[in-house]
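Take a look at the structure below.
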Amino acid sequence: EVQLVQSGAEVKKPGESLKISCKGSGYKFTNYWVGWVRQMPGKGLEWMGIIYPNDSDTTYSPSFQGQVTISADKSLTTAYLQWKSLKVSDTALYYCTRCYGFEGEFDYWGQGTLVTVSS
Amino acid sequence: DIQMTQSPSTLSASVGDRVTITCRASQSFSRWLAWYQQKPGQAPKLLIYEASTLQSGVPSRFSGSGSGTEFTLTISSLQAEDFATYYCQQYNSYWTFGQGTKVEI
């Protein structure tokens, strides 16, 4: 069974750093891209970026370029999304997704990680 | 960037109704469009990809059509479990979601 299991909810202060994770199982992790999607409270879905774990080829949405870093460790079948300095406006639910081929549909989603940034 | 605009933003319907949601793209492309369903407190779920291909396990009352700049999602007979928010997504050039359509009673 394909699963993407994300790390738990986080509460952080502005300026703090954070790295959340997404562990893939039930499929060949290096054959699929892993994308990240943001959903701000009560809002829609926004694509942030995507990584190919086999070689760590990464593409970012222009809206998120320079704001976050996406990485992956294929030996752990895990992808990551990290911030160096969180802002209150980073408060959101973050989903990881699986995608076969660059520019494909997102066929599996993680359960989401809620990140709350508040002073 | 390709922008996606869904209509309506909210749709009030009853069980058994035929429901159609439209997604318009700012640029034309062939079939690289997906539809997702999201229920409160849950992750989105893929319903349709390549504009009209039903994802495995998705009931046949869901269908998709369109190409170019206009795409539609149709639910032929709305069921209680279909009340949710629906998003279109283009993946012709990177990925962009529509703003969502909430289907409510």
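Each protein sequence line maps, in turn, to chains A and B. The opening residue of the first sequence carries number 86 in my numbering; numbering runs sequentially from there. The opening residue of the second sequence carries number 1444 in my numbering; numbering runs sequentially from there. A virtual CB, placed ideally from N, CA and C, is assigned to each residue, including glycine.
Output the distance between the C-alpha atoms of A/C89 and B/A1477, rounded to the nearest integer angstrom.
The sequence shown places Leu at residue 89 of chain A, rather than the Cys named in the question. Within the model, the alpha-carbon separation for A/L89 versus B/A1477 is close to 20 Å.
Is B/Q1481 closer than 8 Å to B/T1528 when the C-beta atoms are compared?
Contact flag set, yes.
Identify the contact partners of B/T1385 in chain A, using a Cβ-Cβ distance below 8 Å as the criterion.
Residue 1385 of chain B falls outside the range modelled here, since chain B spans only 1444 to 1548, and no answer is possible.
Count the other CB atoms, across all protein chains shown, that sit within 10 Å of the CB of A/R183; report buried if there are 16 or more and exposed otherwise.
Looking at its Cβ environment, which holds 16 or more other Cβ atoms inside 10 Å, A/R183 is buried.
If you measure from the beta carbon of A/D158 to each beta carbon in chain B, is any gap under 8 Å?
So no, A/D158 is outside the interface.
For A/F114, decide whether its Cβ has a neighbour in chain B, counting only Cβ atoms nearer than 8 Å.
No, because no Cβ of chain B sits closer than 8 Å to the Cβ of A/F114.
I'd like to confirm something about A/R123: is its beta-carbon nearer than 7 Å to some heavy atom of the ligand ADP, or not?
Looking for the ligand ADP in the displayed structure turns up nothing, as the structure carries no ligands at all.
Quick one: what does DSSP say B/E1513 is sitting in, helix, strand or coil?
The answer is strand: DSSP assigns B/E1513 an E or B state.
For B/A1486 and A/Q91, I'd like the C-alpha separation in whole angstroms.
12 Å
Within a Cβ cutoff of 7 Å, which residues of the same chain sit near A/E101, ignoring the five residues on either side of it in sequence?
L171
In chain B, what lies closer than 7 Å to A/Q196 by C-beta?
Chain B residues near A/Q196: A1486.
Less than 7 Å between C-beta atoms, sequence neighbours within five positions excluded: which residues of the same chain meet that for B/P1451?
Listed in chain order, the non-local C-beta contacts of B/P1451 below 7 Å within the same chain comprise T1544, local neighbours out to five positions each way being set aside.
Which stretch, first to last residue, makes up the beta strand (DSSP E) that contains A/L178?
177-184
Please confirm whether A/S146 has its beta-carbon closer than 8 Å to some beta-carbon of chain B.
yes
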